[in-house]
Each structure stands twice: as C-alpha cells, then as structure tokens.
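Down below is the structure, laid out as structure tokens.
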Amino acid sequence: MILYESSKARLLNIIRWGNNPFKKFVCTSEIKEELDLVKSRDDFIKNIISIVEQNNNFILPIIGDVGSGKTHLFWALKNNLYYYNTFYISLESVYKKFFYNIYSEFIENLETGPLKFVVNQLCENWGALERKYGFFHVVDIEKVKHAAFKQLSTKYHEIEPETLIDAINGITTHQLDPYKKIEAERWILGKLMDAKELSTLNLSHDLHKGKNAYIMLRLLIENSKLGTILFIDDFEKIISIVKPQDETLEEVFDPSWLYGSKMSPNDIASEKIFTKILQLQQIEGLRIIITLKSIESLEQIKKKYHDFDSELVSLIKKPLYLKNFSEDDIFEFYRNTMSTFYDSIECNEFSQAFEDTYFPLNELTLKNIFEHTQGNPRAIIKILIKIFNELIDDEESIDLILKKYENLDNYPN
Amino acid sequence: MSNTDNSILYDPVKGIQLEGEFEGSIITRCKDDNDSVIFSDNLKISNSEGIFITDGFRVGFELNYNKKVAFSRRIEAQWYEDFESIEYSILISEDLMQIYDEGQFSDAFPYTLNKLTTAALYLDDNQYRINHLEFFKEEMLRNPVALVGNGVIVADRVVIDERIDPVFYDCLIVGRDENDDLSVSFEPYMNVKKSLTDVNLKYIIILGIEELKL
Chain A
61 MILYESSKAR LLNIIRWGNN PFKKFVCTSE IKEELDLVKS RDDFIKNIIS
111 IVEQNNNFIL PIIGDVGSGK THLFWALKNN LYYYNTFYIS LESVYKKFFY
161 NIYSEFIENL ETGPLKFVVN QLCENWGALE RKYGFFHVVD IEKVKHAAFK
211 QLSTKYHEIE PETLIDAING ITTHQLDPYK KIEAERWILG KLMDAKELST
261 LNLSHDLHKG KNAYIMLRLL IENSKLGTIL FIDDFEKIIS IVKPQDETLE
311 EVFDPSWLYG SKMSPNDIAS EKIFTKILQL QQIEGLRIII TLKSIESLEQ
361 IKKKYHDFDS ELVSLIKKPL YLKNFSEDDI FEFYRNTMST FYDSIECNEF
411 SQAFEDTYFP LNELTLKNIF EHTQGNPRAI IKILIKIFNE LIDDEESIDL
461 ILKKYENLDN YPN
Chain B
338 MSNTDNSILY DPVKGIQLEG EFEGSIITRC KDDNDSVIFS DNLKISNSEG
388 IFITDGFRVG FELNYNKKVA FSRRIEAQWY EDFESIEYSI LISEDLMQIY
438 DEGQFSDAFP YTLNKLTTAA LYLDDNQYRI NHLEFFKEEM LRNPVALVGN
488 GVIVADRVVI DERIDPVFYD CLIVGRDEND DLSVSFEPYM NVKKSLTDVN
538 LKYIIILGIE ELKL
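Listed in order, the protein sequences are those of chains A and B.
So for the first sequence, my numbering puts the first residue at 61; every next one is plus one.
So for the second sequence, my numbering puts the first residue at 338; every next one is plus one.
Shown next, in the form of structure tokens:
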C-alpha cells in the first residue's frame with residue numbers, strides 16, 4: 061500500500077491517472093446532467109416554474125448566448141419539475157418526420173406505466189368499463205369504437221377520419237383485446253410495422269405515416285394527468301432550417317428550377333415546420349419552452365406568427381434572459397463540480413482537506429478565467445478542461461501550469 | 338381489504354329493510370333450494386309490495402330431466418313480493434368496485450379461458466354431484482361465481498391448482514361474520530383449500546360470456 065505524503069499529492073496523482081473533473085463543455089439531451097444550476101439562476105428557474113404552473117398553453121422564449129447553458133437548463137427544469145413530463149427536441153434534428161420524432165421522445169419520457177394509465181382512461185371515457193348487471197365488464201369492442209369515433213370526430217373535426225380510426229383501433233385493441241395486445245403495444249410505442257401486422261390489427265398505417273403520430277400525441281397529452289412540457293432547442297431554425305450557404309460557391313443546381321424563384325427549399329422546409337408547430341400549439345395542456353440566441357430571432361418569429369394569425373402572438377410569453385455567470389457563480393460552479401468529482405472517485409474527504417478551497421486551482425486563476433470569458437459558462441468549462449488536461453498530460457508542476465494561465469489575453473475564447 | 342361504506346339494503350337476520358330505490362352494484366342472495374344469487378345495478382324495496390329488480394342477472398342451479406344444470410338468466414323485471422324468498426341484499430360501495438375493476442383489466446393473464454355459455458364447474462350435492470375441477474386442472478377460467486360456506490364469491494378468474502383446489506383472483510366476497518353481520522371484502526387472491534380442510538364449497542359456476550352479453 062502506498063502512503064501519500066499529503067492529500068494534495070494524492071489528488072494530483074488521481075487526476076494524473078487521467079481523471080479530469082471537467083469532462084465536457086456541451087450539454088446534450090441524451091446524457092443526464094446531475095449538476096444543478098448555480099444560485100444566481102434560482103430566481104430564473106422559479107420564474108419558469110411559476111409560468112408553467114399558472115398556464116396550460118404557451119410558448120416561453122428563453123434567450124441566451126451560445127454556451128450560456130440553455131440545454132443545461134432543460135435538465136434543471138426536468139429535475140425541478142419532476143411531476144411534469146418534460147421532453148426535449150432540437151429543431152436541428154427533428155425537422156423530418158416531425159410529429160413522429162416528437163411522439164417518440166414523448167413516449168420515451170412518459171414510460172410505459174403512465175402510458176398504459178392514459179390509454180386505459182381513454183377507453184373508460186369511451187364506455188369500455190361499463191358494468192353490466194352492476195358487476196361484469198362485457199366488452200363490446202365495436203360499440204366502444206363507435207362511441208370513440210363519435211366523440212373524437214366532433215372534437216377533432218379537422219383530422220381525417222382514417223387517422224382517427226387508426227388511433228381508436230390501436231388504443232381499443234391494446235386495452236380490450238388480450239390476444240392482440242402485444243402487437244397493439246408495438247403500434248402505440250411507434251414501432252415500424254409491416255402490412256401483415258397492420259392488417260391483423262385492422263390498421264391502415266403505423267405512426268410513421270401521415271398524422272397518426274400527431275393525433276396520438278394529442279390524445280395522450282390532453283388526457284394525461286401529468287402536465288407536459290416540450291423544450292425546443294435552437295428554435296431559430298424555424299426561420300431557416302439549413303445554415304446559409306457560402307454565396308461565393310459555384311451553384312451547380314439552382315433550386316429555383318424546381319421550386320420557383322420566390323421560395324428556396326429551406327424556406328419551404330421552415331414553413332412546413334412552422335405550420336406543424338402551430339398544430340402542436342392546438343394541443344391542450346402542452347407548454348412549450350423555446351431557446352433562442354438573440355432577441356432579433358424572437359422578433360422575426362413573432363412577425364411570422366403575426367403574418368399568419370395576429371391572435372397567436374398572445375401565446376408567446378415575455379422572454380426570459382439567461383445571463384452569463386457572475387463572479388461568485390464561477391467559484392460555486394467549480395466547488396460543486398469538484399465535489400461531484402470527489403463523490404465519483406469516492407474521496408469525499410478532499411472537500412474539506414485543503415487550505416485553499418479551490419485546489420488544485422486557486423482563486424486568482426478562477427478570477428482570471430472569469431474575466432477572460434466574461435462569465436460565459438461554456439468558455440469557462442473549456443479553459444478548465446484545458447488546465448486539467450495539462451495537469452494530466454504534462455510533467456510540469458501545478459504552479460508552472462497555473463502561472464501560464466495568469467494571463468489569458470492570448471487565449472482564444 | 339374490506340369496506341364499511343357498503344349499504345345493507347335488506348337483512349332479516351338483523352332486521353334491516355331500507356325502503357326506497359337503490360342504484361349501484363347490488364348482490365341479492367335468494368333463499369331457495371339452490372342458493373341462487375342475483376346481480377343487478379338497481380333494486381327497489383317497498384314495505385307493502387316487496388323487492389323489485391329490473392335488468393338483473395340470476396345465477397344458480399335448476400333440475401332439468403333429472404339432472405342439475407347451472408343457469409344464468411336475465412331478469413327483465415321481477416317483483417319478489419314475499420320477503421321470505423330473499424336472504425339478503427347488499428349494495429357494494431363504489432370505492433370497492435373500482436378496486437375490483439382494476440383487477441378485471443389486469444393484463445397479467447391474457448390467455449384466460451372464456452366460457453361462451455354458463456356451466457357448472459363444481460356442485461356439492463349428494464344426488465346430483467358435479468366435479469369438473471380435475472378436467473380444468475392448471476387452467477384459468479374467467480367470471481366464476483361461487484358459494485363457499487355462507488359467503489358468495491364473485492371473481493375475475495379462477496385457477497384450478499395442482500391439488501385440484503380452486504384459487505380465486507381479484508374477488509369480492511360477501512358473507513356473514515361471527516356476529517352474523519353482513520360484510521363485503523375484496524381479496525386479490527383466495528385459495529379455497531378443499532383438499533386439505535373441510536371447507537364447505539357448495540358450488541362454482543362459470544358465467545358464459547355470451548349470456549352476459551344478452
């Protein structure tokens with residue numbers, strides 16, 4: 061067993077084995093973020109929670125610079141609003157098969173227990189749980205389907221009957237026909253199905269096709285006891301789906317040959333997404349939070365709404381601004397991350413072990429980083445990753461490494 | 338699990354006879370040779386005219402060409418003028434019925450056998466004994482109604498175990514306690530250990546799904 065001279069040497073050794081406490085500077089919707097928001101953002105999140113709890117349908121814009129922590133905010137919201145079904149989409153990735161992709165994300169977040177409960181409730185609303193002679197459930201599936209169609213065709217008159225019939229068949233078969241339950245569950249979960257499987261269930265299409273995913277999304281959200289929050293990242297993509305191309309490049313194919321000169325394919329794609337977002341807004345109980353990089357984008361989006369239907373602008377709430385870290389925040393963030401790191405290496409004693417709370421860094425280095433990055437969280441993390449990587453890779457002493465970071469003027473942001 | 342919110346509508350043993358019209362899930366046990374039971378969602382009690390049931394479902398045994406056969410029959414509208422022919426009527430609370438409903442929609446056993454027409458699974462009778470328990474060993478049958486001791490069991494399903502004993506799942510049990518008070522309870526699982534004890538299992542009838550639809 062090796063006896064360490066001090067806790068400092070032990071920690072540096074652990075880091076040098078390749079353990080960087082700051083692993084990534086980009087937050088994604090796939091990997092859960094355990095670290096909560098810094099204290100200065102407490103009021104910000106409380107504001108969002110109160111808007112969510114007081115309103116059923118809205119679009120809440122969150123405006124923040126690149127790297128200010130907009131995606132991390134999704135995880136903070138998900139953790140704080142655990143009694144809501146909060147799910148994430150990025151317009152960058154879901155502009156194709158829009159409703160199907162949103163439905164898949166929704167189902168993945170909802171999980172099977174609540175899903176079965178909602179589907180059961182729907183069947184109950186359609187009269188499936190009627191007790192004959194006060195005791196016996198004698199299910200007449202055709203009668204239930206008929207009642208369901210009568211209800212839904214009145215409520216969703218804009219939806220094609222074929223789509224409604226598919227949704228009704230899928231749900232009633234899942235709940236009331238034990239022999240086809242497994243296949244029907246696959247349909248509800250949005251799996252790809254072949255024609256034979258679909259005909260067994262008396263369905264025309266799976267959820268990839270047409271508006272099936274949309275009506276299912278609507279039925280499940282509107283009948284779910286949990287509230288639903290849709291977090292849409294990169295919402296400015298609604299203005300232009302694909303990044304503008306370099307105009308100096310030679311155009312081999314001119315899109316106007318196919319689409320005419322007035323609208324580019326990108327415009328048409330963003331128009332389609334816009335129409336679909338409007339349809340999402342018709343879902344009762346769906347709260348939408350969008351992230352944007354600038355107020356100009358919000359103004360453009362508002363204009364788009366105004367041109368389409370001026371009444372819809374009222375659904376867009378006053379934007380909230382996600383500000384960069386304050387000076388205190390960088391210290392708090394550093395302490396919390398290091399504490400999480402100590403937990404992960406099962407060395408909690410390090411939290412109290414050092415005279416300098418910010419060891420292996422120090423207050424001055426953190427201050428320098430803050431001033432250089434102007435508090436941008438992503439820029440801060442990038443520098444911290446670099447410092448710790450140098451600790452891991454170089455043979456230099458910690459003091460020499462930190463000395464290099466005393467002046468960050470030449471360090472790119 | 339038992340529930341005290343059930344209403345005893347008629348019980349001559351305790352001198353209860355509530356006058357009026359009642360709606361909900363009502364079990365009426367008849368005082369006849371075959372202990373038949375009536376399930377209904379309504380019941381009217383009038384001190385002068387008796388007990389009136391519309392759209393009820395009577396379950397029991399009848400003699401047919403020197404054989405006893407199980408029957409289930411819809412009652413369109415019937416007056417039971419003679420209170421003597423009814424042993425008790427009890428209205429089961431909605432809370433208990435909701436728990437019972439949850440069991441009915443359990444998807445844990447999708448391949449339960451449904452009988453199309455009502456049939457006897459078991460009858461304890463010296464002269465007309467019926468016992469098909471062994472035939473259905475390790476099978477699961479839907480909609481059993483049973484009379485065990487002085488209690489009525491209406492369950493979602495019954496399984497005949499390896500000892501040829503019936504095991505009822507998600508069942509409502511109506512019966513009298515040691516003080517002769519009527520009570521109702523819901524049990525997710527009830528094993529009638531006929532092979533090990535001298536439990537008085539009088540009959541088990543499996544209700545036919547087509548007859549329930551009529």
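C-beta: ideal position from N, C-alpha, C; glycine also.
Proximal residues to residue 283/A (C-beta, below 8 angstroms), its chain only, five neighbours per side dropped: 178, 181, 182 and 185.
Quick one: is residue 472/B buried, meaning 16 or more other Cβ sit within 10 Å of its Cβ, or exposed? Around the beta carbon of residue 472/B, fewer than 16 other beta carbons lie within 10 angstroms, which makes this residue exposed.
Given a threshold of 16 other Cβ atoms within 10 Å of its Cβ, counted over all protein chains shown, does residue 467/A qualify as buried or as exposed? With fewer than 16 other CB atoms across the displayed protein chains lying within 10 angstroms of its CB, residue 467/A is exposed.
Just how far apart, CA to CA, sit residue 380/B and residue 523/B? The straight-line gap from Cα to Cα measures roughly 22 angstroms.
Beta carbon of residue 549/B, beta carbon of residue 198/A: below 8 angstroms? Yes, the Cβ-Cβ distance between residue 549/B and residue 198/A is below 8 angstroms.
Separation of residue 67/A from residue 61/A, as counted between CA atoms: Legend: pLDDT at residue 61/A = 42, less than 50; position of this residue unreliable, value from coordinates given subsequently. The alpha-carbon atoms of residue 61/A and residue 67/A are separated by roughly 15 angstroms.
What residues in its chain sit with their C-beta under 7 angstroms from that of residue 79/A, if we drop five residues either side in the sequence? Excluding residues within five positions, the ones whose Cβ falls inside 7 angstroms are 405.
Tell me which residue opens and which closes the alpha helix (DSSP H) that residue 440/B is part of. Its alpha helix (DSSP H) spans residues 431-441.
Consult DSSP for residue 455/B and reduce its assignment to one of helix, strand or coil. Secondary structure at residue 455/B: coil, using DSSP grouped into helix, strand and coil.
Chain-ordered chain B contacts of residue 194/A [CB-CB under 7 angstroms]: Taking a Cβ-Cβ threshold of 7 angstroms, the residues of chain B close to residue 194/A are 361, 362, 363, 376, 377 and 378, in chain order.
Inter-residue Cα distance where the pair is residue 427/B and residue 461/B: About 25 angstroms.
For the 8 angstroms Cβ check, are there 3 or more pairs between the region 478-488 of chain B and the region 531-550 of chain B? Flag = yes, the region 478-488 of chain B and the region 531-550 of chain B touch.
Hey, does residue 546/B have any beta-carbon neighbour from chain A nearer than 8 angstroms? Answer yes: the Cβ-Cβ gap between residue 546/B and chain A drops below 8 angstroms somewhere.
Which partner residues of residue 144/A appear in the DSSP bridge assignment? Looking at the DSSP output, residue 144/A bridges to 287/A.
Give me the Cα-Cα distance between residue 400/B and residue 163/A, rounded to the nearest whole angstrom. Their Cα atoms are separated by approximately 60 angstroms.
Locate the alpha helix (DSSP H) running through residue 350/B, then write down its first and last residues. Here residue 350/B belongs to no alpha helix (DSSP H), and DSSP marks it neither H nor E.
Could you pull out every unbroken alpha helix (DSSP H) segment of at least 4 residues lying fully inside the region 188-233 of chain A, listed in chain order? Here the runs fully enclosed are 201-215.
Hey, quick one: how far does the beta strand (DSSP E) through residue 527/B stretch, first residue to last? That run of the beta strand (DSSP E) goes 519-528.
Do residue 75/A and residue 451/A come within 8 angstroms of each other at the CB atom, strictly closer than that value? Going by C-beta atoms, residue 451/A is nearer than 8 angstroms to residue 75/A.
Residues that residue 366/B bridges to, as DSSP identifies them: In the DSSP output, where bridge partners are listed per residue, residue 366/B has 374/B and 425/B.
Could you list which residues in chain A have their beta carbon closer than 7 angstroms to that of residue 549/B, in chain order? For residue 549/B, the neighbours in chain A by C-beta distance under 7 angstroms run, in chain order, 192, 196 and 198.
Given that a residue counts as buried once 16 or more other Cβ atoms are within 10 Å of its Cβ, and exposed if not, what is residue 424/B? Its Cβ being crowded by 16 or more others within 10 Å, residue 424/B is buried.
For the beta strand (DSSP E) holding residue 539/B, just list the boundary residues, first then last. For residue 539/B, the enclosing beta strand (DSSP E) begins and ends at 538-543.
Which one or two residues does DSSP pair with residue 512/B in a beta bridge? In the DSSP assignment, residue 512/B is bridged to 520/B.
Here's a check: name, in chain order, each residue in its chain whose Cβ is nearer than 6 angstroms to the Cβ of residue 275/A, leaving out the five neighbours to either side. So the list reads 219, 223 and 227, once near-sequence residues are dropped.
Residues bridged to residue 118/A by DSSP? Listed as beta-bridge partners of residue 118/A by DSSP are 347/A.
Identify the continuous alpha helix (DSSP H) that holds residue 416/B and give its terminal residues. No alpha helix (DSSP H) holds residue 416/B; the beta strand (DSSP E) holding it covers 404-417.
Quick one, which of 527/B, 525/B, 547/B and 520/B has its alpha-carbon nearest residue 430/B's? The shortest Cα separation from residue 430/B among 527/B, 525/B, 547/B and 520/B belongs to 520/B.
Residues in the region 390-403 of chain B having any Cβ partner in chain A nearer than 8 angstroms: Answer in chain order: 392, 393 and 394.
For the alpha helix (DSSP H) that residue 184/A lies in, which residues bound it at each end? Annotation: the continuous alpha helix (DSSP H) that includes residue 184/A extends over 172-185.
State buried or exposed for residue 419/B, treating a residue as buried only when at least 16 other CB atoms are found within 10 Å of its CB. Exposed: under 16 other Cβ atoms inside 10 Å.
Indicate whether residue 409/B and residue 367/B have their beta-carbon atoms separated by less than 8 angstroms. Residue 409/B places its beta carbon 8 angstroms or farther from that of residue 367/B.
Using 8 angstroms as the limit for Cβ to Cβ distance, is residue 489/B near chain A? Chain A contact via Cβ: absent.
Would residue 587/B pass as a contact of residue 375/B if the rule is Cβ separation under 8 angstroms? Residue 587/B is absent from the model: chain B starts at 338 and stops at 551.
Among 336/A, 351/A, 354/A and 299/A, nearest to residue 327/A - alpha-carbon criterion: Looking at the Cα atoms, 299/A is the closest of the given residues.
Assign residue 255/A to one of two classes, buried (16 or more other C-beta atoms within 10 Å of its C-beta) or exposed (fewer than that). Exposed, by the Cβ-count rule.
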